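Let me begin by presenting the structure, written as structure tokens, before commenting on it.
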Amino acid sequence: MKTKMIILITGFLVLLLAAPGFASDTISIGFTGPLSGGAAKYGNNNLKGIQHAIDEINAAGGIAVAGKQYTFKLTALDDKYKPAETVANARRLMSTMSPKPIAIFCPHSGGILAMERFNETEGFLMHGYTDNVAVLKQGNKLVVKAPMSMAFYNSGPVDMGWERGYRKAVLLCGSHEAGKMAEKIFQFQWKEKGGEILEVASIDFKSVTDFYPYLTKALSKSPDCIYLYGPSEPSAMIVSQARELGFKGGFLLGSQCKMDEMAKITPMEALNNTVGVCPVGMMPLPLMQTYSASYKAKFGADAIPTSESAFNYEVMYIFAEAMKKSGTVTDPYKIREVIKDVIPVGEHAIRGMKKLTPEGQFISGYFAIQILDNKFTDPINIDPGPWYDKYGATWLPE
Amino acid sequence: MDLFLQQVINGIMIGSVYSLVALGLTIIYGILGVPNFAHGSLYMLGAYFSFLLVSAGGVNYWLAILISMAALTVIGMLIERIVFRPLVNAPHLNSFIAAIGLIYVIDNVALIVWGPDFKRFPPLYDQLYHFLGVTITLHRIIIVITAIALIVLLELFIKKTAIGSAIEATAQDRVGARLSGINVTRVDMWTLGLGTSLAAAAGALIGPILLVYPAMGGAVTLKAFVIIILGGMGSIPGAILGGFILGLIESLGGAYLTSNYHEVLAFGLLVTVLAIKPTGLFGKAH
Amino acid sequence: MNKSLLRPGFLIPAVIVLVAVAAPLFSENRYLHHLMIMACIWGIAATALNLVMGYAGQVNLAHGAFFGIGAYTSGLLMLKLGIGFWIALPLACLTAALFGLLIGMPSLRTKGAYFAIGTLCFNVIVTVIIDRWEDLTEGQRGLLGIPSPSPIPLPFGLTIHFDNNMITTYYLFLAMLLVTLFITRRIVTSLTGKNFRAVKGNEELAASIGINPFRTKLIAFVTSTFFAGLAGGLYASYIGFLSPDISDFHVTFEVLIQVMFGGLGTMAGPIIGATFLPMISETLHALAAYRMVTYGIMLIVVIIFLPSGIMGGLKLLWAKRTKAKS
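Okay, structure coming up:
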């Protein structure tokens, strides 16, 4: 009995040790982002996109690079949104993964900026999921970023809100980095149109328990619209509470507010007269519909695909295609060089990234959408072309 | 809309919740001398339990509050037995570190079990009332009334029951209480259970007008500490008054003083009070 | 008294320093180097906190704020005024100490829990000010591109570079840590150090033998903030990016846990905590979602069974051994 157990265990251990030997060659991909704490959901949404793409590629037998077959291996580490932990994670991934990761994904600008200090010498590509253009301004040669500038995402809702006749706005944005940036950008855009800003309040979603005090003050100025920028669910609560306090006007939503997630929290009647960015799952694109279905099949019928998952999914495919084309899985510079030639990546171009600027910005459009009469209107396509011709990849209002 | 009056109402509503949380914290500190930084995590559990009972179990809201309070009483007693009792003779700093360890454990277990998503209660008491230019939902009125009722009940419990008087005696003089035959260890356990059940009540009461998620306790823990220091450590009237003061300062200060430095008002207030009276408003002098 | 070089009080630190100096020469592993560099930074911060908390008995929960003030001062001086690292760093320490004086004066009038939570409030206030004073600190956008320490010229046309060189950076930070330890040790063994302990033991008693408790506490507090500023300044130039989170009270808690884990009121304790706690946390990555749960349980278990930290445990072991011998 005892010997049998020992043989079994030894056999298992041998198998475990030998397992990598049977597999085809692997390419390592790293991820460092918040997987615990308040931003855990955000980090996980990013991770799901990468994981989804890698599982699909591996299930199809991997990729062939220079005549050799490779599969991908993803390692994800929690950095709790702290740059110092991002650095530790990147160092760890580079030192302990075999082979060394060729690309590291990170969903916050602080971590990306901290890694930009050594990613060129260590030799790894980075995908920074952030709409903070600062990550492109450091001249780093190995960073790419899929989300467009926040100013571009704002432009659609701002135009549509203006056309609806809103003039007097109050801002209720998160006090996180993106929220502060949204505040600046919206004020600039709204004033440029000739609109009026009545009140600007930043809300620390980590420490605020109730939004009534903020809303009471904001509504006492009688605005006709409220601009929100923050995580979907707290933003949805702001909408609910504003309606309770008698606000009848409209809501203009920044890109972080996902309207399908908000609709899970707040009834559609309260969400009437809301203008925002169309949720990825509702984009009227055939590729996106296929993706949405496969996302739900993989992560459950309740799972909502987000732009975090969609962008990272597509970028992972772009990296894979670029490796095929450049014929290397070890030289990040060569891979980076051919990225512009492999996009769009066919049926996986779900967000439609068609162009890459020299700084590393992928260019893609989006749809704006409204909620009127308790339902979503038809999405309106917002073309990135004219906007980018005018402002470029790294524009920010001063 | 009347800005001033509405903000006063807002402040009283949130203040009543702060009072409940702080009250639990202050009796725990008064008896055990434990700065229980994990109090907010227990408040989070209270909110989750009642949310699950109401939304998944279809249990009546008031029954759900009682069940979560009972469950958290047990959890509080277990925490006392397992974590704080072995530290009873160690410096308070050790209990503090253990409490931080507890935050990691509780918050992350919640994250694993319930996931990172924000949850919202099904609609309960959404009726709106308007008077004197003020708008308020029924649930907010219920929160204030229930919180005050619980505070009164706690006072009665301490004054009228045997356990209550044992708690009061221990708070005043631990050694004396032990000499007069009170089982101080059991009092410790009851106190942690009682304090924790108040946190659970606060979480269950305010849950329906907020979002329920694993990290929600962080927002109230620091404020609760500010309140009990403001009112004087271990002082029950101090905690009640401190809670309402903080609620009002936040809502009125946010409206009239500053919107940019809104969240430091509480901390600035405490620092100012301590500079004038180093033992808080109701604290005994050393 | 045992004055031999082989006595544990000398031998153990000597061996540790030797290992610390030699370690990077045996490994090319950048991850290890990173952990060692961070251990030096946290080691300085933890030693500083230990001075005020372990020796003078004041639970200062604003430590993260001073770390942040040091980091931001050196970062801003280097980025905005173009001042070199070697001038910016001492200025960072002095600025942190100045704020230490300003915050210490009112808060040291309070005692015990009032002092702890009062300083914790100061910590929150400092973080929010760093966050909101965007014209100076860039707020949430953060300070980008803080340079590495400037090169040190040597005779014969040689220079030591720190840019992208983790080994030299490590030795520089290790040297800073050793200087911190040396100075702390001198203070602790001096008359001032005796006053610290007297005040920690019993303020009234200390006052009755002619010690000014307030002044003594203030000295400990300000010295501690000086070194917290040093740790912050080193952090800034190593990571190169600062956001307001670096002054957050969670930083305070992290350093506090390191001190308690290693052993409060001992010289080696904070270093042990600062070195091994991050390493344990890193090892636990393998547990993924259960990582922080395990970390929390470990903290609770250690604090219950080793109430005086690792050093306390070692001392107990040592006492048992010598007792068994005799």
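Read top to bottom, the protein sequences are chains A, B and C.
Here the working numbering is used: the first residue of the first sequence is 1, the next is one more, and so on.
Here the working numbering is used: the first residue of the second sequence is 1001, the next is one more, and so on.
Here the working numbering is used: the first residue of the third sequence is 2001, the next is one more, and so on.
We treat Cβ as the ideally placed atom computed from N, Cα and C, and that holds for glycine.
These figures come from a predicted structure and were not determined experimentally.
Item, Value
"Span separating the alpha-carbon of N1094 (chain B) from that of P2307 (chain C)", "7 Å"
"Closer than 7 Å at the beta carbon, the chain C residues around A1090 (chain B)", "P2307"
"Contact set between the stretch 1132-1155 of chain B and chain A, restricted to residues whose Cβ is under 7 Å from the partner", "T1135, T1137"
"Rounded separation between E398 (chain A) and E2134 (chain C) - CA only", "13 Å"
"Identity of the residues DSSP links to G30 (chain A) by a beta bridge", "A:T75, A:I104"
"Length at least 4, wholly inside the stretch 138-226 of chain A: the alpha helix (DSSP H) runs in chain order", "150-163, 177-192, 212-219"
"C-alpha gap between L2191 (chain C) and L2011 (chain C), whole angstroms", "25 Å"
"Alpha helix (DSSP H) segments (min. 4 residues) lying fully within the stretch 1095-1168 of chain B", "1138-1160"
"Simplified DSSP assignment, three categories, for Q361 (chain A)", "strand"
"Per-residue burial, F22 (chain A) [other beta carbons within 10 Å of its own, 16 or more giving buried]", "At F22 (chain A) the pLDDT is 44, less than 50, meaning the model places this residue with poor confidence; the figure from the coordinates comes in the next sentence. Burial call: exposed."
"Chain B residues whose Cβ lies nearer than 8 Å to that of T26 (chain A)", "Those within 8 Å of T26 (chain A) in chain B number zero; the least Cβ separation is about 29 Å."
"Status (buried if at least 16 other CB within 10 Å, exposed otherwise) for Y1129 (chain B)", "exposed"
"Boundaries of the beta strand (DSSP E) in which F251 (chain A) is found, first to last residue", "250-253"
"Start and end residues, alpha helix (DSSP H) containing V133 (chain A)", "From DSSP, V133 (chain A) is part of no alpha helix (DSSP H); its letter is neither H nor E."
"Nearest residue (CA-CA) to G2269 (chain C), options C:R2321, C:A2046, C:S2074", "C:A2046"
"Touching by the beta-carbon criterion (3+ pairs, under 8 Å), the stretch 27-44 of chain A and the stretch 77-85 of chain A", "yes"
"S2190 (chain C): contacting residues in chain A (beta-carbon distance under 7 Å)", "Per Cβ cutoff of 7 Å: no residues; S2190 (chain C) is ~34 Å from chain A at best."
"Proximity to N1108 (chain B) [Cα-Cα], best of C:T2294, C:I2310, C:I2304, C:A2319", "C:T2294"
"Neighbour list for V87 (chain A) in chain C, Cβ cutoff strictly below 8 Å", "H2034, I2239"
"Cβ shell of D378 (chain A) (< 7 Å), same chain only, five flanking positions each side left out", "none"
"Under 7 Å from the C-beta of D204 (chain A): neighbouring residues of chain B", "E1263"
"Residues of the stretch 106-122 of chain A with Cβ closer than 8 Å to any Cβ of chain C, in chain order", "S109, G110, L113, A114, R117, F118, T121, E122"
"With 16 other Cβ atoms within 10 Å as the buried cut-off, status of F390 (chain A)", "With the sequence shown as reference, residue 390 (chain A) is identified as Lys, and Phe is not the correct amino acid for it. It is exposed - the Cβ of K390 (chain A) has fewer than 16 other Cβ atoms within 10 Å."
"Q414 (chain A) versus L1246 (chain B) - alpha carbon distance", "Outside the shown range of chain A (1 to 398) lies residue 414 (chain A), about which nothing can therefore be said."
"Inter-residue spacing [alpha-carbon to alpha-carbon] between L2061 (chain C) and R351 (chain A)", "47 Å"
"Amino acids of chain A, ordered along the chain, whose beta-carbon sits closer than 8 Å to that of E2282 (chain C)", "A88, R92"
"7 Å Cβ cut-off: residues of chain A touching G1046 (chain B)", "Simply none; closest approach about 14 Å."
"Sequence-distant residues of its chain with Cβ nearer than 6 Å to H1286 (chain B) (five each side left out)", "For H1286 (chain B), the predicted structure reports a pLDDT of 46, less than 50, and the residue's modelled location is therefore unreliable. The matter cannot be settled from this model."
"Cross-chain neighbours of I304 (chain A) in chain B, by beta carbon under 9 Å", "Per Cβ cutoff of 9 Å: no residues; I304 (chain A) is ~10 Å from chain B at best."
"N- and C-terminal bounds of the alpha helix (DSSP H) containing H2034 (chain C)", "2030-2050"
"Residues that Y2295 (chain C) contacts on chain B, provided the C-beta gap is smaller than 7 Å", "Y1104"
"Stretch-stretch touch, CB-based, cutoff 8 Å, three pairs: the stretch 1266-1280 of chain B with the stretch 2112-2124 of chain C", "yes"
"Straight-line gap, F2162 (chain C) to I2152 (chain C) (C-alpha atoms, nearest Å)", "9 Å"
"Nearest to D55 (chain A) (by Cα), restricted to the options A:R117, A:M316, A:K375", "A:M316"
"Cβ pair count under 8 Å reaching 3, the stretch 91-101 of chain A against the stretch 54-68 of chain A", "no"
"Separation of R2185 (chain C) from T2266 (chain C), as counted between CA atoms", "10 Å"
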